[in-house]
Structures are given as structure tokens and as C-alpha cells.
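Enquirer: The structure under discussion is supplied below as C-alpha cells; questions concerning it will follow.
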């Protein structure tokens, strides 16, 4: 059975699935992952991106149900705001253990998420930490391509330590 498309498909590039945060889709996707992996539970299950067509709390509530059912052990979020992270924490409690956002020398927009993770003892998973990609399916296709890197871009993690 192939997943149903999101009610309002998000623009995406070939090979990248559209965002679909409907609870029934998230549960079906988890079941498919369990079957393909041949496991009874997934250690960390990340919500890839909030679906603008679905209330965020509904998507996170589906993750909480998957935890309760023992299908996932812990949950994580990708590409969320600090307010969304607080909302998810209220639903998932300590079962929310990670947050993933773009973070690099040239993209620092997710510093508030990084601080929140440190405050709550959660893992922060940066994607594109060295600015190694210029485009993502999450980017606005009409936006100008950002310039990544600088002569000292490799030294920024040491300066933050």
C-alpha cells in the first residue's frame, strides 16, 4: 500500500517525499519502517518537518501514541520553532529527546533551538553543519542560493567551545 499524498502537497524535489504530518500517515510510515527494519521498536523516530496542512499537536500526538504502543522508544523533531518544541515537549514529556535543524557557520538561525536543547538536556542534530549543501527540498526553490563557507569556516566550532 503506498502512502496517500498530503492534502496540500508541499513543493519538493524529485526523490524527496512531500511533507505529510497526518497522524494516520505517520503511524503507517512507522509500521512500514518497523517491517522493513525487521524490529519491534525504533529507538529514535524523527518528525521530518511540520505539515502546514495538519495541526502540529496532532502530528506530535501520533508520535506520543507510537511511544505508548511501544513502536518507538523516543521521538525527535526536525525543522521546528522553539514554540513548536515547547508544544511537543508538553505532549511527549521526556520522550522528546532530540531536535534537528540546519546549523552551520553561515546559517545560524537555529541558535534558539540549540540553546533550548542544552537547557532541556536534549540532543541537537545539525544538518549541513559545514554548509556542504546549497539547496535542500526544505528551501524555497525561488530563494537565491546562499554562499557557504569562508576561509576560517572550519574554526567556528572551536570558537564556540
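In the working numbering, the protein residues as written are 10 to 170. C-beta atoms are modelled at their ideal positions from N, C-alpha and C, and glycine is treated no differently. Please read these numbers as outputs of a predicted model, since none were measured by experiment.
What residues match up with residue 84 in a beta bridge as DSSP calls it?
Expert: Looking up residue 84 in the chain shown gives position 75. Residue 84 pairs with 54, 105.
Enquirer: Leaving out five residues before and five after residue 50 in sequence, what residues of the same chain have Cβ atoms less than 8 Å from its Cβ?
Expert: The count along the chain shown starts at 1 and reaches residue 50 at position 41. Hits under 8 Å: 43, 79, 80, 81, 82.
Enquirer: Who does residue 179 pair with in a DSSP beta bridge?
Expert: Summary: the structure shown does not reach residue 179, with the chain confined to residues 10 through 170, and so no result is reported for it.
Enquirer: With DSSP collapsed to three states, give me the class of residue 64.
Expert: Counting from 1 along the chain shown, the entry for residue 64 is found at position 55. In this structure, residue 64 counts as coil in the three-state DSSP scheme.
Enquirer: Where do the N-terminal and C-terminal ends of the alpha helix (DSSP H) with residue 33 fall, by residue?
Expert: Position 24 of the chain shown holds residue 33. It spans 32-46 - the alpha helix (DSSP H) in which residue 33 sits, taken as one unbroken run.
Enquirer: If I follow the unbroken alpha helix (DSSP H) through residue 117, where does it start and stop?
Expert: Against the chain shown, residue 117 aligns to sequence position 108. From DSSP, residue 117 is part of no alpha helix (DSSP H); its letter is neither H nor E.
Enquirer: Assuming residue 119 contacts residue 110 (C-beta within less than 8 Å), just tell me the rounded distance between them.
Expert: Within the chain shown, numbered from 1, the residue matching residue 119 stands at position 110. Within the chain shown, numbered from 1, the residue matching residue 110 stands at position 101. Contact holds; Cβ gap of about 4 Å.
Enquirer: In three-state terms, what does DSSP make of residue 128?
Expert: For this step, residue 128 is matched to residue 119 along the chain shown. In this structure, DSSP gives residue 128 a helical state, which the three-state scheme calls helix.
Enquirer: What does the Cβ neighbour count give for residue 97, buried or exposed, with the cut at 16 atoms within 10 Å?
Expert: Looking up residue 97 in the chain shown gives position 88. With 16 or more other Cβ atoms within 10 Å, it is buried.
Enquirer: In or out: residue 84 buried (at least 16 other Cβ within 10 Å) or exposed?
Expert: Numbered from its first residue, the chain shown carries residue 84 at position 75. By the 10 Å Cβ count, residue 84 comes out buried.
Enquirer: Quick one: what's got a C-beta closer than 6 Å to residue 105's C-beta in the same chain, skipping five residues either side?
Expert: As a working mapping, residue 105 is identified with position 96 in the chain shown. Cβ within range, chain order: 84, 97, 98.
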